[in-house]
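Asks:
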Amino acid sequence: MNDTKVYILDGGSLVIDGFHVFWNRGPAGDVRFPCYSVLIDHPEGKFIFDTGFDKEHVEKVLPFEKPLQTDAQTLPGSLHAVGLTSGDITHVINSHYHFDHCGGNKHLHNATTICHKAELEGYHKPQPFEHLGYSDKSFDLATDIYTPRYETVEGDVEIAKGVHLMETPGHTKGHYSLLVELKGRRPMLFTADACYSKKNMDMNCISSFHLDPVASLESMSRLTSLAQEHEAEMFFSHDPDSYGSYLQAPGYYS
Ligand code: 5PN
Ligand code: ZN
Ligand code: ZN
Numbered sequence: 436m437n438d439t440k441v442y443i444l445d446g447g448s449l450v451i452d453g454f455h456v457f458w459n460r461g462p463a464g465d466v467r468f469p470c471y472s473v474l475i476d477h478p479e480g481k482f483i484f485d486t487g488f489d490k491e492h493v494e495k496v497l498p499f500e501k502p503l504q505t506d507a508q509t510l511p512g513s514l515h516a517v518g519l520t521s522g523d524i525t526h527v528i529n530s531h532y533h534f535d536h537c538g539g540n541k542h543l544h545n546a547t548t549i550c551h552k553a554e555l556e557g558y559h560k561p562q563p564f565e566h567l568g569y570s571d572k573s574f575d576l577a578t579d580i581y582t583p584r585y586e587t588v589e590g591d592v593e594i595a596k597g598v599h600l601m602e603t604p605g606h607t608k609g610h611y612s613l614l615v616e617l618k619g620r621r622p623m624l625f626t627a628d629a630c631y632s633k634k635n636m637d638m639n640c641i642s643s644f645h646l647d648p649v650a651s652l653e654s655m656s657r658l659t660s661l662a663q664e665h666e667a668e669m670f671f672s673h674d675p676d677s678y679g680s681y682l683q684a685p686g687y688y689s
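Numbering (this note's numbering), first residue to last: 436 to 689.
1) Entirely within the region 502-558 and at least 4 residues each: give me those alpha helix (DSSP H) ranges in chain order.
2) Check whether the Cβ of Asp420 lies closer than 7 Å to any heavy atom of ligand 3, and answer yes or no.
3) With respect to the alpha helix (DSSP H) encompassing Phe454, which residues constitute its N-terminal and C-terminal limits?
4) Determine which residues share a DSSP beta bridge with Lys440 and list them.
5) Hey, could you find the ends of the alpha helix (DSSP H) Ser680 is sitting in?
6) Taking 7 Å as the cut-off, is the C-beta of Gly446 nearer than that to any heavy atom in ligand 1?
7) Are the region 507-517 and the region 679-687 touching, with three or more C-beta to C-beta distances below 8 Å?
8) For ligand 1, any of its heavy atoms closer than 7 Å to the Cβ of Leu497?
9) So Thr659 is in the alpha helix (DSSP H); what residue range does that whole segment cover?
10) Confirm the yes/no value for this check: CB of His673, any heavy atom of ligand 3, distance under 7 Å.
11) Using a Cβ-Cβ cut-off of 6 Å (strictly less than) and excluding sequence neighbours within five positions of Ala627, which residues of its own chain qualify?
12) Determine the burial state of Gln504: buried for a count of at least 16 other Cβ atoms within 10 Å of its Cβ, exposed for fewer.
13) Can you tell me where the beta strand (DSSP E) with His599 in it begins and where it stops?
14) Among the candidates Ala546, Gly619, Asp489, Tyr585, whose CA atom is the shortest distance from the CA of His441?
15) Under the assumption that Asn389 contacts Phe457 (Cβ atoms under 8 Å), give the Cβ distance between them as a whole number of angstroms.
16) Rounded to the nearest angstrom, what separates Ser643 and Tyr631 at their Cα positions?
17) Give the DSSP-derived three-state secondary structure of Ser632 in the structure shown.
18) Look at the alpha carbon of His606 and the alpha carbon of Leu646, and state the distance between them as a whole number of angstroms.
19) Is it the case that the region 561-570 contacts the region 583-591, given that we only count it when at least three CB pairs across the two stretches are under 8 Å?
20) Can we count His492 as close to ligand 3, meaning its CB is less than 7 Å from some heavy atom?
21) Buried or exposed, going by whether 16 or more other CB atoms sit within 10 Å of the CB of Ala507?
Encoded structure:
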């Protein structure tokens with residue numbers, strides 16, 4: 436049996452203000468941060484956790500976030516670099532349905548979409564201040580080549596051997612973080628937007644984009660406990676400082 440491999444697929448970068456990264460703390464000013472997808476090449480399937488942003492969507496709806504994304508940083512482009520095409524992906528899981536995490540779903544026309552029941556509810560009935568976050572609806576819309584096939588889950592779930600979705604609500608209603616166990620190294624804990632960066636964790640400071648700030652803080656604390664309990668390494672979702680130390684595809688963790 437093949438061992439699991441985890442690839443980090445670079446998806447380009449966006450700009451937001453420092454007060455959005457560090458809620459009520461700042462300092463103000465442009466912060467450019469990375470976005471990426473996680474490919475899990477597993478004996479039970481080829482799983483993608485998060486699919487980055489769609490550059491055209493951001494240019495149209497959020498041009499002030501100054502998207503940078505080369506062709507190689509699109510999801511089809513980054514899959515190509517590891518010898519795969521969009522049709523090879525069997526499952527897509529989104530930590531949540533913010534535009535910078537689901538923009539590439541529409542390319543994955545053979546994939547089953549694993550989603551938290553509460554996240555779909557949150558997306559379908561957003562609070563008024565969540566509209567921009569949930570502005571890319573292409574993951575939910577059928578096209579000629581793409582029809583989403585949802586498989587709804589709740590609670591902490593092991594979606595394949597050693598691949599665990601862990602509930603970390605607050606940033607959104609049904610947010611998931613991801614824990615992946617590997618044969619040759621300590622587990623990887625992908626925080627997703629439950630914690631943007633190591634600095635957010637160290638300052639115990641959440642981002643300004645959230646549904647429930649208290650739940651968000653509890654989820655950050657849960658991430659700390661999970662990392663301790665599993666002796667896992669945390670990988671943050673939008674961390675300009677740590678990102679350079681993450682091994683990039685075609686390199687992989689195993
Ligand atoms: C990167 C980014 N920009 C804006 C929003 C928003 O309005 O909700 C979430 C979000 C983002 O992650
Ligand atoms: Zn988000
Ligand atoms: Zn995000």
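Every residue, glycine too, gets a C-beta built ideally from N, C-alpha and C.
Quick caveat, the model's predicted, so the values are computed rather than measured.
Replies: From the atom records:
1) Listed in chain order, they are 510-515, 534-537.
2) The structure shown does not extend to residue 420, since the chain is modelled only from 436 through 689, so no value can be given for it.
3) That run of the alpha helix (DSSP H) goes 453-456.
4) Note: Lys440 sits in a beta bridge opposite Asp476.
5) Per DSSP, Ser680 belongs to no alpha helix (DSSP H) and is neither H nor E.
6) Answer for Gly446: no, Cβ out of range of ligand 1.
7) Judged by pairs of C-beta atoms under 8 Å, the region 507-517 touches the region 679-687, as three or more such pairs exist.
8) Leu497: yes, Cβ under 7 Å from ligand 1.
9) Element bounds for Thr659: 648-665.
10) Checking every heavy atom of ligand 3 against the Cβ of His673, one is found closer than 7 Å.
11) These residues qualify, in order along the chain: Ser530, Ser612, Ser672.
12) That one is buried.
13) Its beta strand (DSSP E) spans residues 598-602.
14) Sequence check: residue 441 is Val here, not His. Nearest C-alpha to Val441: Gly619.
15) Because the chain here runs from 436 to 689, residue 389 falls outside it and cannot be looked at.
16) Between Ser643 and Tyr631, the C-alpha separation is close to 11 Å.
17) Looking at Ser632 - three-state DSSP - the assignment turns out to be coil, as it is neither helix nor strand.
18) Taking the straight line from one Cα to the other gives about 5 Å.
19) The region 583-591, when compared against the region 561-570, does not touch it at the 8 Å Cβ threshold.
20) Checking the Cβ of His492 against ligand 3 gives no.
21) Exposed, since its Cβ has fewer than 16 Cβ neighbours within 10 Å.
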